[in-house]
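Undergrad: Just so it is clear: in the sequence shown, position 40 is 1205 by the numbering used here, and no numbers are missing. Backbone N, C-alpha and C define an ideal beta-carbon position, used for all residues, glycine too. Owing to the predicted nature of the structure, the values given are computational and were not obtained by experimental measurement.
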Amino acid sequence: MIIYKISFIIFTLIVLIGCADKQKLDFNFIFSYGVSTLNQLDTFKNTYTKDLVLDGLVETSLTLTDDEKEQILRKMQDINLFEYPVVNEGLAMEPSSGYKFEIQYQGKRINVVWLDGFRDQDKDIRFSELVKLIQDIIESKEEYKKLPDFRSGYL
1166 MIIYKISFII
1176 FTLIVLIGCA
1186 DKQKLDFNFI
1196 FSYGVSTLNQ
1206 LDTFKNTYTK
1216 DLVLDGLVET
1226 SLTLTDDEKE
1236 QILRKMQDIN
1246 LFEYPVVNEG
1256 LAMEPSSGYK
1266 FEIQYQGKRI
1276 NVVWLDGFRD
1286 QDKDIRFSEL
1296 VKLIQDIIES
1306 KEEYKKLPDF
1316 RSGYL
């Protein structure tokens, strides 16, 4: 009888622990990039917009997994993105290109704009690593791969 009770208690604990919901991550963002920041990942709406240059813009559904979002959040925290000024001057280039973040995290809204390219400086390098991480995740998605290629380019 004691073995039965102990087994029942252990089973109940295993079920309760296994059923514990992972706390929902309060983190979403809009990441815009490229010439005139026309390419855009929006995790609020789970969409991606691609600039096709001459053919305009095309939008598709694109959802990041919780693990991908956590990976991006960790990188943002590692580079102290939440401490960046709203506007950051990069290496000037033509046509104008850049990166914009509109972030919601833990009930706060944060905006960060990076104008133009990257210099060979620590802050620029760290920011470019975040950009590459996000672009690699986007480009690995089947939804992105199904989008048409752009024709021509910007001068």
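Give a yes or no on contact between the stretch 1240-1256 and the stretch 1284-1302, applying the rule of three or more CB pairs nearer than 8 Å.
TA: As far as the Cβ criterion goes, the stretch 1240-1256 touches the stretch 1284-1302, which means the pair count is three or higher.
Undergrad: As a quick exercise: from 1193, 1270, 1263 and 1223, pick the residue whose alpha carbon is nearest that of residue 1229.
TA: Position 64 of the sequence shown holds residue 1229. When only C-alpha atoms are compared, the closest one is 1193.
Undergrad: Are the stretch 1298-1314 and the stretch 1220-1234 in contact at 8 Å, needing three or more beta carbon pairs?
TA: Counting Cβ pairs under 8 Å, three or more are found: they touch.
Undergrad: Please state the DSSP three-state secondary structure of residue 1243.
TA: What you label residue 1243 is simply residue 78 of the sequence shown in a count that begins at 1. Three-state DSSP puts residue 1243 in a helix.
Undergrad: Can you list, in chain order, the residues of its chain whose CB lies under 7 Å from that of residue 1199, leaving out five sequence neighbours each side?
TA: One-based indexing of the sequence shown puts residue 1199 at position 34. Once the five neighbours on either side are set aside, the close Cβ partners of residue 1199 are 1216 and 1262.
Undergrad: Just verifying my parser: in three-state terms, what is the DSSP assignment at residue 1302?
TA: Here residue 1302 corresponds to residue number 137 of the sequence shown, with the count starting at 1. Reduced to three states, the DSSP call for residue 1302 is helix.
Undergrad: From 1190, 1191 and 1206, pick the residue whose C-alpha is nearest to that of residue 1264; which is it?
TA: Numbered from its first residue, the sequence shown carries residue 1264 at position 99. Selected option, being the one with the closest Cα: 1206.
Undergrad: Does residue 1196 pass the burial test, meaning 16 or more other C-beta atoms within 10 Å, or should it be called exposed?
TA: Here the question's residue 1196 lines up with position 31 in the sequence shown. That one is buried.
Undergrad: Please classify residue 1277 as buried or exposed, where buried requires at least 16 other C-beta atoms within 10 Å of its C-beta.
TA: Locating residue 1277 in the sequence shown gives position 112, where the first residue counts as 1. With 16 or more other Cβ atoms within 10 Å, it is buried.
Undergrad: To the nearest angstrom, how far is the alpha carbon of residue 1249 from that of residue 1202?
TA: Locating residue 1249 in the sequence shown gives position 84, where the first residue counts as 1. Locating residue 1202 in the sequence shown gives position 37, where the first residue counts as 1. Cα to Cα, the separation comes out at about 19 Å.
Undergrad: Can you give me the C-alpha to C-alpha distance between residue 1214 and residue 1300, rounded to a whole angstrom?
TA: Residue numbering aside, residue 1214 sits at position 49 when the sequence shown is read from its first letter. Residue numbering aside, residue 1300 sits at position 135 when the sequence shown is read from its first letter. Taking the straight line from one Cα to the other gives about 13 Å.
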